[in-house]
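Residue numbers (our numbering): 1 to 231.
Glycine residues also receive a C-beta, built at the ideal position from the N, C-alpha and C atoms.
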Amino acid sequence: MIKPDLVTGEFLMKVPSGNYNVVFSGEGYETKIEQVSIPENFTRSEIILNPVLVPKEITRGKYIVIKNILFAYDSYALDREAKIILEKLFSIMQQYPSLQIEVIGHTDSKGSETYNLKLSQNRSNSVINYLVDNGIKNSRFMASTVGEREHIAINTNPDGTDNPEGRKFNRRVSIKVLKSDFDLVIRNEVFVPEHLKFTKDLNFTIILLQSKEKLFRDYFIPDMSWTPHVI
């Protein structure tokens, strides 16, 4: 067990490569588990986790986790796993009759923008049609299409080559609450291995210094040979 710094709330742990379940707990909060996968060829020096713990008083029937619904390549058909997730969503919508949701379709980067927008629309419609066919009113849904714009995993490797393993996490439908008479929180959840996650912002620090000696070209390139650690 690792306790965080009392001032900053941060904690540091060095680990070798492998698959981990990191458990976060705090008095008065629901326990949260995050999966971390560190491959042997991992080149970054750290992994940053920023979990959000939910107070126990709002979790009793009002805080719900729904997995993202994933699709096969160039498909909007619902597989067995997708239907299991939708059965859970169906039960929630029966339990909360005032709940209205936005169903957001996503794609990977393969194909044109126009084609991907149409494909993401078909994925949204597949989810809505399944729930409507099971008795939920169509008026409780809004379909949205974003194509490939909001990807959560990398579509290509740093050298520009295709990354099929990353793309499969982007072919999905996510759910967002539009309206409810209840204090209801629905959070989308999908596990993306750390080395496949898409990071929108890369921050660099530029250091200006005076030196009488000529610096090597790789002077500021960090040594990435140390053991990865989890923050």
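Give me the DSSP bridge partner(s) of residue i.
i: Met142; result: Glu102
i: Gly147; result: His106
i: Arg187; result: Val65
i: Gln35; result: Asn21
i: Leu117; result: Leu117 pairs with nothing; no bridge assigned.
i: Lys306; result: Nothing about residue 306 can be read from this structure; the chain reaches only from 1 to 231.
i: Leu70; result: Arg172
i: Asp162; result: Thr156
Since residue i and residue j are thought to touch, with beta carbons under 8 Å apart, how far apart are those beta carbons, to the nearest angstrom?
i: Gly135; j: Ala153; result: So it is not a contact: roughly 34 Å between Cβ atoms.
i: Val233; j: Arg187; result: The question about residue 233 has no answer, for the chain in this structure spans 1 to 231.
i: Gly147; j: Glu113; result: 6 Å
i: Val190; j: Arg171; result: Val190 to Arg171, Cβ: 11 Å. No contact.
i: Ile38; j: Ser17; result: 5 Å
i: Asn21; j: Ile33; result: 5 Å
i: Phe198; j: His151; result: 5 Å
i: Gln100; j: Lys179; result: 4 Å
i: Arg194; j: Val36; result: The question names Arg, but residue 194 is Glu in the sequence shown. Contact holds; Cβ gap of about 6 Å.
Which class does residue i belong to by DSSP, given the choice of helix, strand or coil?
i: Val127; result: helix
i: Lys176; result: strand
i: Thr156; result: strand
i: Asp133; result: helix
i: Ile48; result: coil
i: Leu86; result: helix
i: Arg217; result: Residue confidence is low: Arg217 scores 48 on pLDDT, short of 50, so the model does not pin down where it sits. Its coordinate-derived value is still stated next. Three-state result, Arg217: coil.
i: Ser75; result: coil
i: Glu81; result: helix
Which same chain residues end up closer than 8 Å to residue i when comparing Cβ atoms and leaving out the 5 residues on each side of it in sequence?
i: Asn138; result: Ile128, Val132
i: Lys67; result: Ile85, Asn188, Glu189, Val190
i: Ala72; result: Asp79, Arg171
i: Ser124; result: Val103, Ile104, Gly105, Ala143, Ser144, Thr145, Val173
i: Asn122; result: Tyr76, Gly105
i: Asp159; result: none
Sorted by chain position, which residues of the same chain lie with C-beta nearer than 6 Å to residue i's C-beta, five sequence neighbours on each side aside?
i: Ser144; result: Glu102, Ile104
i: Asn116; result: Thr107, Gly147, Glu148
i: Ser109; result: Glu148, Asn155
i: Lys176; result: Glu102
i: Leu119; result: Thr107
i: Ala82; result: Ile69
i: Ser98; result: Ser180, Asp181
If you drop the 5 nearest sequence neighbours on each side, which residues of the same chain put their C-beta closer than 7 Å to that of residue i?
i: Val192; result: Ile152, Ala153, Phe169
i: Phe90; result: Leu131, Asn134, Ile136
i: Ser25; result: Thr31
i: Asp162; result: Thr156
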